Amino acid sequence: MKPTAHAFERNARQALHDATLQQALARARGGFVDKRRAAIEALPEFAALRAAGRAIKDHTLANLDHYLLRFEAQVQAKGGQVHWAETPEEACAAVLDICRQAGAKLVAKGKSMVGEEIAINDALEAAGFEVVETDLGEYIIQIAHEPPSHIIAPAVHKTRQQITELFEGLHHQPGLTRPLQTVPQIVDEARQVLRDKFLAADVGITGANFLIAETGSAVIVTNEGNGDLSATLPRVHIVLASIEKVVPTLEDASVLLRLLARSATGQEITSYTTFFTGPRRADDPDGPEEFHVVLIDNGRSAMLAGPYREMLRCIRCGACLNHCPVYGAVGGHAYGWVYPGPMGAVLTPLMVGLEEGRPLPNASTLCGRCEAVCPMAIPLPKLLREHRRQEFARHLTPPRARWALAAWAFFARRPQLYRRAARLAAGLLGKLARGRGRFRSLPFASAWTAARDLPAPQGETFMDQWRRRNKS
Amino acid sequence: MSGARAAILDRLGRALGHAGAADDVEVTRRLQAHPRGPQPQWAETPRVRFLAKLAKVAATYAELESKSQIVSAVQAYFDAQALPRQLVAAPHPLLNEVVWPQDWQVARRRAQGEDRTGLNVAFCAIAETGSLVLLSGPESPTTLNFLPEDFLCVLPEGRIVPRLEDAWALLREERGAPPRATNIVTGPSRTADVEQTIQLGAHGPRRLHVLLLKTP
C-alpha cells in the first residue's frame, strides 16, 4: 500500500465531512470501550497480568536472537521451514517461491497486519495468483479495494448499507436470497461464497499473534474460524510473522492471551485460539503437507537498538485506537498507512520514513489515554514526543512552526525580556478585549477561533499578580 | 534467504550487545522451567465454572451418565435442531463401541465441505474460560471442529482442568509435545464485522453442543 500519511491533514478534513464514515465510527466507539472496561473489571488480576506480560516481552526482546534461533530449530524439528526476510520485497519473494513450487492457483488468506505491511496481496496478484481474504472484515474491504481502517476490525468504517451494495455488485450465485437486509443474511452469504474458496485453495496464508520458541508453534486467535480453515484445508500453510512475535513458552503465551482478547474485544478468550506446530504428521487424516514460517524484520531490528524499543512490546490489540479521540474523530484511513491510531503514529514514521509520516506524531493531543489502556504499558505519548524531537532535529518541521518555536525559544531563554514582553502582551490584549473578557476572532488564528472564543488576559501577568499580592 | 538470516541476527546481537554470543544459560533455563504468570482465582468448582462459562459463550451441553447414552444424546440433539440423521464421527477409541442406529448415515473420517454434523472428542477442557481443547491426530481430525454446521463434542467430566496452564501441563505429561494443531475452542464461530453486531456461525460451526460424560 502506497503511504499517504503526509496528507494526514487533508485526509482528516475529508473524514470529518464524510457523514457515512462518521455514522460508522459513532456506532463502533462505545462498543469497544465499554466491553473492554467490563472485561477488565471482572478480572481482579488484570494489573498483575499486565506487569507480567510486560516483563515477558522485555525479557524476550533482551534475548530476541536466541529465542528466534530456538523457534527456528523447533519448527525444523517438526518438519516445517523458516524463511528470514529483511524487507517486504524479500518476504513477498519467499511467499511467491513457495506458491510457485506448490503449483498454486488460489490462495486463501487469513487476516494478517504484517501481510498488509509487506503488501502480499498485490505481490501475489501481480504474479498471477488469485488471493481471497477469508476474514469477513478483510473480505469486505478487499472487494471494496480499500485498505483496513482498524487493526482488529478492518471494515469498521463500513455501514451495513455499504456492505449490502458491495455484495450485490459482486456475488451472482444461484440460490442466494436477495436483497440482503439483515446482518445474518450478509454473514450467511459471505459464508457460502467463501466456503468454496477454502475448499479449492492450494495455499493458505495466515498471520501469527505469537510464535512459541519452546515448541516451534505459531498461534492465531480468531472468532470466525477462517484462520483455521485457511491453515487446515489447503496443501500448504504459510505463516507470516514479524520477528518480535516470538515468546519463550506456552505459559508466556497464556499470560498474553488473557491480556489480548480483553483489550481487543472485551472477550475473556476468542472463539478460536489455535497453536499450529509443523505440517501434517504421518498418520494425520487432515492438515497441510507443508508448513512455512516467513520471519519478517522490516525495520524492527533497528527499533531494538534505539529509543523506540518499547514499541516492540505491542501485541496489536487495538485498545489505543479505540480510546484515541483523534482516531475516533477521523477513522483509520486518514492515517494513510497500514497502522492507524497512536500505535500507527509511532510505527508508520519508523517503517515508511519520518519525511512521509511526519504529520502523524503531531496529530495527537498527548492526552495519555492510549498509554493508560495499553495492556503492554507502552509509553505511546513519550514515543510520539520522541518523533517530534527527531523531526525538529532533522529540520523536517514546516517553516512557520519552526519560526514560531524559534521566537518562543528566544524569549524563553531570556527571562527578563520574557517577563517584559508578557507584561506588554497581557496589558495590550486586556485592553483590546475591553471588558468582554474574550475574543470572538483573532488575526492569524481565525481557524482556531471559528469554533471557540479565546479567553482574554486580565491585563496583568501571573508574575506581577504574585508580586503584588505578596506585598500587600 | 540465508543472507537475510545472518544480517538480522547480526543486527539483533549488536543491538543487544552480545553479537555472536552462544545461546545463554538464562534462555535455556527459562524454556525448561516454563514459569506460570499470575493465575486468575475463583470460588466455584471447575465443573460449575466450566458450565457457566459455556453458557456465556452461547454453547449448550447435555449431561450423560456414560458413553452408552451418546446415541440418545445425539438423537435428542437431532430432534431439537430438526437435523437429518447424518453424522461424521471421529475415529476415537471412546466412540469405537458406540452402535449407531441402522437408519442413520454415520461416517468415521475427517470432515468434508458438505457434512452437516460433526462429532469429536476433546482432549480436555478449561474451566477458566469454558473452552474445549482438541488435539489433531488420527483419532481426532481437526476438520470436524470447523467444517460442519453443528459441532458436537464429547468431554469426560474428569478432563476439566482449572486453567490454560493446567492444559499445557496435561499435554506435556500425556503427549510430550503439541500435535500439528492444538485447537482451543470457546463457543461457536462468530463475527462482529458488520456494524459491530455479533452474529454466530461466520465460517466455523453455527452451534456447539458438549456431551458431558460422567464416566468415560
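Which chain is which? The protein sequence lines are A and B, in order.
So the first sequence is numbered by the UniProt record's numbering: it starts at 1 and just counts up by one.
So the second sequence is numbered by the UniProt record's numbering: it starts at 1 and just counts up by one.
Even for Gly, the Cβ is constructed at its ideal location relative to N, Cα and C.
Remember, it's a predicted structure, so these values are computed and weren't measured experimentally.
- Residues of the region 19-52 of chain A whose Cβ lies closer than 7 Å to any Cβ of chain B, in chain order: R27, A28, G31, L43, E45, A48, L49, A52.
- When DSSP states are grouped into helix, strand and coil, Y308(A) belongs to the coil group.
- In the three-state scheme derived from DSSP, where H, G and I count as helix and E and B as strand, I315(A) is classed as coil.
- Rounded to the nearest angstrom, the Cβ distance from R258(A) to L49(A) is 5 Å, consistent with a contact under 8 Å.
- If you ignore the 5 residues before and after C153(B), its C-beta comes within less than 6 Å of the C-beta of N120, A122, L132, V210, all in its own chain and listed in chain order.
- In the structure shown, T274(A) adopts extended strand secondary structure according to DSSP, grouped into three states.
- Listed along chain A, no residue sits closer than 8 Å to H92(B) by beta-carbon distance, the nearest being about 12 Å off.
- For L12(B), the neighbours in chain A by C-beta distance under 7 Å run, in chain order, L64, D65, S301, L304.
- Under the Cβ criterion of 7 Å, E168(A) is not counted among the residues facing chain B.
- In terms of Cα proximity to A208(A), the closest of P154(A), L295(A), T232(A), L233(A) is L295(A).
- Around the beta carbon of I198(B), a 10 Å sphere encloses fewer than 16 other beta carbons of the protein chains shown; the residue is thus reported as exposed.
- For the region 139-163 of chain A, the set of residues with a beta-carbon nearer than 9 Å to any beta-carbon of chain B comprises Y139, I140, A153, P154, A155, V156, K158, T159, R160, I163, in chain order.
- Here the alpha carbon of E116(A) sits roughly 33 Å from the alpha carbon of D150(B).
- With fewer than 16 other Cβ atoms inside 10 Å of its own Cβ, T20(A) counts as exposed.
- For A15(B), the closest of A39(A), P88(A), V107(A), A305(A) by C-alpha to C-alpha distance is A305(A).
- Taking the C-beta atoms as reference points, A127(B) is found nearer than 7 Å to F50(B).
- At a cut-off of 7 Å between C-beta atoms, N226(A) counts as an interface residue with respect to chain B.
- Taking a contact as a CB-CB distance under 8 Å, the pair I140(A) and P147(A) does not count as one, their CB atoms being some 12 Å apart.
- Here V27(B) is buried, its C-beta having at least 16 other C-beta atoms within 10 Å.
- For W104(B), the closest Cβ of chain A is not nearer than 7 Å.
- Around the C-beta of H395(A), fewer than 16 other C-beta atoms lie within 10 Å, and the residue is accordingly described as exposed.
- Within the DSSP secondary-structure output, L211(A) pairs in a beta bridge with A218(A), V246(A).
- Sequence-distant partners of P216(B) (beyond 5 residues in either direction) whose C-beta falls short of 6 Å from its own C-beta, in its chain, are P156.
- Considering only K197(A), Q76(A), H59(A), P455(A), the residue with the shortest C-alpha distance to K109(A) is K197(A).
- L87(B) sits in a strand when the DSSP states are folded into three classes.
- For A393(A), the closest of V82(A), E355(A), A282(A), I143(A) by C-alpha to C-alpha distance is E355(A).
- Annotation: E386(A) to L229(A) spans about 42 Å, alpha carbon to alpha carbon.
- Looking at the backbone, the Cα of F276(A) and that of R70(A) are separated by about 16 Å.
- At a cut-off of 7 Å between C-beta atoms, E116(A) does not count as an interface residue with respect to chain B.
- Scanning chain A for C-beta atoms nearer than 7 Å to the C-beta of S136(B) yields D284, G287, reported in chain order.
- The C-beta of E195(B) comes closer than 7 Å to at least one C-beta of chain A.
- Separation of E114(B) and T215(A) (C-alpha to C-alpha, rounded to the nearest whole angstrom) is 34 Å.
- Any Cβ of chain B closer than 7 Å to the Cβ of D58(A) would place that residue at the interface, and such an atom is absent.
- Under DSSP, T20(A) shares a beta bridge with no residue.
- Within 8 Å of the CB of L83(B), no CB atom of chain A is found; the nearest one sits about 18 Å away.
- By a beta-carbon distance limit of 8 Å, P148(B) does not contact V74(B). Their separation comes to about 13 Å.
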